[in-house]
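Comments concern the structure below.
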């Protein structure tokens with residue numbers, strides 16, 4: 009897609025919906041299972057252990073909600089504020105990608121904590137294999153797409169229509185009183201004008 013020839017009005021709906029979709033997808037993917045294993049002990053049923061992204065890195069779903077809120081803010085924001093919102097989306101998405109990339113140790117700690125909390129764990133039956141799902145990658149991809157949406161909002165947000173002035177707070181009207189002399193009142197009457205209006 010050539011950004012220079014793109015119709016800004018078309019990008020308005022696409023960008024807002026894109027930010028909502030990518031933020032929502034990132035939140036959903038962060039709440040899914042990122043790692044799992046099972047704890048086995050003799051005489052006790054096998055206990056599965058699941059760790060979600062929000063268990064391992066609670067910052068990630070919170071930042072996904074920031075992107076969703078920013079998408080809604082674009083609808084009511086002025087042209088200048090839209091640029092700030094677009095840059096905010098870019099920064100939040102980049103922070104999230106870095107947090108996800110560095111989450112390996114946090115996932116391992118969360119898995120170990122979940123293993124120790126398992127009813128089948130007796131102290132010596134540490135699982136040998138911990139499996140990982142694709143939800144971590146899906147979360148990172150959703151935030152990567154949010155970067156592009158944020159750039160589009162920052163670049164083209166000033167060209168999009170804004171809400172009408174009827175939604176603004178009413179302004180206080182200054183009442184100006186003009187003091188007229190008696191001569192001005194008589195002159196207005198002579199000219200055929202009503203001096204009280």
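Residue numbers (the numbering used here): 9 to 205. Heads up, the beta-carbon is just placed ideally off N, CA and C, and yes, glycines get one too. All values derive from a computational prediction rather than experimental measurement.
Asked                                                                                                                                                                              : Found
On the DSSP bridge assignment, give the partners of residue 59 in chain order.                                                                                                     : 43
Starting from residue 105 and walking both ways along the alpha helix (DSSP H), at which residues does that stretch end?                                                           : 87 to 109
Measure the alpha-carbon distance for residue 45 versus residue 131 and round it to whole angstroms.                                                                               : 16 Å
Give me, in chain order, the residues of the same chain whose beta-carbon lies closer than 7 Å to that of residue 74; leave out the 5 immediate sequence neighbours on both sides. : 100
Smallest Cα separation from residue 134: which of 140, 125, 190?                                                                                                                   : 125
Give the straight-line distance between the Cα atoms of residue 79 and residue 24, rounded to the nearest whole angstrom.                                                          : 5 Å
With distances taken from CA atoms, which of 190, 41, 129, 70 is nearest residue 51?                                                                                               : 129
Of the residues 107, 98, 38, 43, which one's Cα is nearest the Cα of residue 121?                                                                                                  : 43
Taking DSSP as the reference, what is the three-state secondary structure of residue 189?                                                                                          : coil
Got a sec: is the Cβ-Cβ distance from residue 56 to anything in chain D below 9 Å?                                                                                                 : You won't find chain D in this structure, because it holds only one protein chain.
Thinking C-beta only, is residue 65 closer than 9 Å to residue 107?                                                                                                                : yes
With a threshold of 16 other CB atoms inside 10 Å of the CB of residue 189, please say whether the residue is buried or exposed.                                                   : exposed
Pick helix, strand or coil for residue 182, following the three-state DSSP scheme.                                                                                                 : The predicted model places residue 182 with a pLDDT of 48, which falls under 50 and marks its position as unreliable, so this point remains unresolved.
With a threshold of 8 Å, are at least 3 pairs of Cβ atoms found where one atom belongs to the stretch 111 to 119 and the other to the stretch 154 to 168?                          : no
Take the Cβ of residue 142 as the centre, count every other Cβ of all protein chains shown within 10 Å, and call the residue buried at 16 or more, exposed below.                  : exposed
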